[in-house]
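Per the working numbering, the very first residue in the sequence shown carries number 10; after that it's consecutive.
Below is one structure, written out as structure tokens; comments come after it.
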Amino acid sequence: MRGSRGVHRRATSTRPTLAGVSPRRLAPGQVARIHVHDIASGADAVVHESREVLFEAPNWAGEADGGVLLLNGDGVLWSLMPEPGSTAQRIAHENLPPINNDHVLDPRGGAIFLSADDGHIHRAPIAGGRAERVTSEPGVHHFLHGVSPDGERLAFVRMRDFSEPGRLAIVASEPGGRGDGAGGGTTIVDTGPGHLDGPEWSPDGAWISFNSERWARRPGHAQLARIPDPLARANAAGDEAHPVGPDDVERLLATDTVDWFPHLAPDGRHAVYLEFPPGTTGHPADLEVTLVVVDTADWSTPLARIPLPGGQGTINVPSWAPDSGRFAYVSYPCA
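Dropping the structure here:
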């Protein structure tokens, strides 16, 4: 999610408005380097390097969709094979405003959901073609981060402007939003005080993980947490279900660092998240940051730590391979 708003600043190099943000650009001498990391061997391969386009936020498509990486850059979507020496290919879409770095694959295949410059979420074919707008609530930013395992619901950060904390919201994924709007099809989940970001479902659909400032003793001190999915709880408990609320939030990790974007592997066994230095506000670009790989049975014991120049754009959205053994990310060194 991108923007700049004081305590909840979302990037140092963008200009947010209610209509959207300007695409980031590479600084003179800077490189966008796309990596694939293998968690079993620890091997890290650079699959593409660009001095022209600032690529961000990889997604990893399944074999039915070519097994490609999908990234945003210059406000459009690109595809790239996850192999060294690959060339990035621009995907042509119609009826799609410039996009940002919040986009997630449709698990049903063939399509991707994207947050765009008009503040809305759109659904577009991976192969290119005509996009359809999903959301319709006016005057609201919809920053997409999660798609339910059945593809029928979207989890996003809802903000009217950048002076308020982000809130967890859920809407149907069908184009048109099934009445999305004030009093319509959007469900806002109360996770307590403080800014929230990066909500995405666990592979079994039971939980939504995110980062939150609800425990912050200083501005910007985001920590990792999860909350039960309201629909999953209702389906499991029936008439005995009580509404999901702040008391249901579970903190996954307590650290002095600023922790963002927990991404669970498709098999649920591992996760990767982005660690910023203590005192960081928001998730700015161009810092020395660390990707942390953990076993989801023990978030407090890292299996791997990957330091890199990055932050904003490095791993904003789920980037695990379908085999759960690899994930993609972007670094931004100055050559």
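Heads up, the beta-carbon is just placed ideally off N, CA and C, and yes, glycines get one too.
Every value quoted in this text rests on a predicted model; they were computed, and no experiment measured them.
Per DSSP, what kind of secondary structure is R242 in: helix, strand or coil?
-> helix
CA nearest to the CA of S218, picked from R139, P202, R235, V62 | R235
Are the stretch 298-315 and the stretch 86-102 touching, with three or more C-beta to C-beta distances below 8 Å?
-> No, the stretch 298-315 does not touch the stretch 86-102.
Given G192, which residues of its chain have a CB within under 6 Å of its CB, disregarding the five upstream and five downstream residues?
-> For G192, the predicted model reports a pLDDT of 39, less than 50, meaning its position is unreliable; a value from the coordinates is still stated below. Contacts found: none.
Selected residue, minimal CA-CA separation from D115, among R227, N68, D127, D53 = Closest option to D115, Cα to Cα, is N68.
Could you check what DSSP says for P158 in three-state terms: helix, strand or coil?
-> coil
Under three-state DSSP, which class holds G75?
-> coil
Flag this pair as yes or no: are the beta carbons of L300 and L283 separated by less than 8 Å?
-> Taking C-beta atoms as the reference points, L300 and L283 count as a pair closer than 8 Å.
Hey, how far is the Cα of L233 from the Cα of L177?
-> 14 Å
Would you mind reading off the limits of the beta strand (DSSP E) that contains S50?
-> No beta strand (DSSP E) holds S50; DSSP gives it neither H nor E.
Under the three-state DSSP convention, the category G247 falls into = helix
G51 classed as buried or exposed, judged by whether at least 16 other C-beta atoms fall within 10 angstroms | It is exposed - the Cβ of G51 has fewer than 16 other Cβ atoms within 10 Å.
Range of the contiguous beta strand (DSSP E) that encloses Q39 | Element bounds for Q39: n/a, residue is neither H nor E.
Beta-carbon gap between S153 and S124 smaller than 8 Å = The amino acid occupying residue 153 in the given sequence is Leu; Ser does not appear at that position. Taking 8 Å as the cut-off, the Cβ atoms of L153 and S124 count as close.
Are the Cβ atoms of H151 and I179 separated by less than 8 Å?
-> no
Terminal residues of the continuous beta strand (DSSP E) containing P32?
-> Careful: P32 lies outside any beta strand (DSSP E) and carries neither H nor E.
Per DSSP, cross-strand counterpart(s) of Q321 | Answer is none; Q321 lacks a bridge partner.
Report yes if the C-beta distance between L86 and F64 is below 8 Å; otherwise report no.
-> no
So what's D206 in DSSP terms, helix, strand or just coil?
-> D206 falls in the strand class under three-state DSSP.
Sorted by chain position, which residues of the same chain lie with C-beta nearer than 7 Å to A181's C-beta, five sequence neighbours on each side aside?
-> E161, R162, R187, G194
Under the three-state DSSP convention, the category P255 falls into = helix
How would you write the range of the beta strand (DSSP E) that L300 sits in, first residue to last?
-> 296-304
Which value, in whole angstroms, describes the spacing of the CA atoms of P271 and A41?
-> 22 Å
Apart from the five residues on each side of it in sequence, which residues of its chain come closer than 7 Å, Cβ to Cβ, to A49?
-> G334
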